[in-house]
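For reference, the structure discussed in these notes is given below.
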Amino acid sequence: GGTVFPSLIEPGAPLEEVSEAQGILPYFSVSIPPLMNVMTALVLAFTLGLGLASLNSDALKNVARDFQEIIVRMISAVILPLLPLYIFGIFLNMTHSGQVYSILMVFIKIIGVIFVLHIFLLVFQYSIAALFVHRNPFKLLSKMLPAYFTALGTQSSAATIPVTLEQTKKNGVSAEVAGFVIPLCATIHLSGSTLKIVACALALMMMQGMPFDFPLFAGFIFMLGITMVAAPGVPGGAIMASLGILQSMLGFDESAQALMIALYIAMDSFGTACNVTGDGAIALIIDKIMGKNRAE
């Protein structure tokens, strides 16, 4: 991204003009200050998670599970249905500023680059898996294509689990390993979504002329990786979970966050397809390791 995007993106004007466009005034607004900042919330969640894993009591674990269910339902029932209207407002604002065409052309270029990166990531994952199982990586990858195309339609790793599970077994993974790894990875393995968020963030920072360097993005990727493990498994859940660190670590304001959401949702299906297809590579590696352990 850092090599290709500079030749595709002209920094400056479009986003500045969009942010300066006159917004529609709300009838009323409710100011709700956050209980804690993003970093405090992440550290607290990480600490509580480690603590809960070491406790024998289920009382607090049940509270955490119920709270998770509340958040997932809130995202599914309230936030996601309103996202199309929100994105409509973003592009209405772009049209008002007269920059919708130039920004859409940049978006198309970004989406093209990210799609190529997804393909490269899948080839890399299956090449690593092929080293373990001593098979052709492209044949392994081709058997996972039904899961890839199913995820393009569902935009949900969880909804694609039956197809991913079946194709993983066809690649020779044992039923018990596939039955454990595939549902688990559908929740915690979001490599395609992570790649997409990082690439989109880098592209938007270039468009806005914001300074960035390797240490900044290294820290961002580390925190994003932790956040993605806890991201809800619903369409758009990954980008909603990452908004906090986009603001706190990269300095994204409301207009930049809005464009991130629009850009992410526009290619959400590609990220999900990359996620579920990569699950098959992980299952191959785990199956090989478990097979060696059983043999010993």
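The sequence shown: position 50 = 73 (this note's numbering), numbered continuously. Ideal Cβ positions, reconstructed from N, Cα and C, are used throughout, including at glycine.
A distance below 8 Å between beta-carbons, with the five flanking residues on each side excluded, links Pro160 to the following residues of its chain, in chain order: Val146, Tyr149, Ser150, Ala152 and Ala153. For Gly176, there are no CB contacts under 6 Å within the same chain when 5 residues up- and downstream are skipped. In the three-state reduction of the DSSP assignment, Gly301 falls in the helix class, which pools H, G and I.
Sixteen is the threshold: since fewer than 16 other Cβ atoms of the shown chains lie within 10 Å of the Cβ of Thr118, the residue is exposed. Taking the C-beta atoms as reference points, Cys297 is found nearer than 8 Å to Leu144. By the neighbour-count criterion, in which a residue is buried when 16 or more other Cβ atoms sit within 10 angstroms of its Cβ, Met128 is exposed.
Inter-residue distance for Val53 and Ser292 is about 33 Å (C-alpha atoms, whole angstroms). With respect to the C-alpha of Arg96, the residue from Lys192, Val156 and Pro258 having the closest C-alpha is Pro258. Counting along the chain, Ile262 sits inside the alpha helix (DSSP H) bounded by residues Gly260 to Leu273. Relative to the Cα of Phe243, the nearest Cα in the group Ser77, Leu225, Met230 and Gly135 belongs to Leu225. The three-state reading of DSSP puts Ile55 in coil, since its state is none of H, G, I, E or B. For Tyr287, the uninterrupted alpha helix (DSSP H) run begins and ends at Glu277 to Ala289, by DSSP.
Looking from the CA of Gly112, the closest CA among Ile312, Thr300 and Leu282 belongs to Leu282. Judged by beta-carbon spacing, Val299 lies within the 8 Å limit of Ala209, meaning their Cβ atoms are closer than that value. Residue burial annotation: Asp276 is exposed, with fewer than 16 other C-beta atoms found within 10 angstroms of its C-beta.
In the structure shown, the three-state DSSP call for Gln178 is coil.
Here DSSP, grouped into helix, strand and coil, assigns Met233 to coil.
Secondary structure within the stretch 70-146: the alpha helix (DSSP H) runs of 4 or more consecutive residues, fully enclosed, are 82-97 and 103-120 (chain order). Ranked by Cα distance from Leu207, the first of Cys223, Phe90, Ile288 and Ala254 is Ala254.
Annotation for Met167: Gln190, Thr300 and Gly303 place their beta carbon closer than 6 Å to its own, counting only its chain and skipping 5 residues before and after. Under the DSSP assignment, Val204 falls in the alpha helix (DSSP H) whose first and last residues are Ala198 to Ile211. Under the three-state reduction of DSSP output, Met167 falls in the coil class, being neither helix nor strand. With contacts defined by Cβ atoms closer than 8 Å, Ile312 and Ile284 do not form a contacting pair.
With fewer than 16 other Cβ atoms inside 10 Å of its own Cβ, Phe69 counts as exposed.
In this structure Phe240 is buried. Its beta-carbon is surrounded by 16 or more other beta-carbon atoms within 10 angstroms.
Around the C-beta of Asp81, fewer than 16 other C-beta atoms lie within 10 Å, and the residue is accordingly described as exposed.
For the set Lys193, Thr187 and Ala174, the Cα lying nearest the Cα of Met290 is the one of Ala174. Secondary structure note for Thr183: it is in no alpha helix (DSSP H), with a DSSP letter that is neither H nor E. Residue Leu227 holds the alpha-carbon nearest to the alpha-carbon of Ser278 among Ala306, Leu227 and Phe155.
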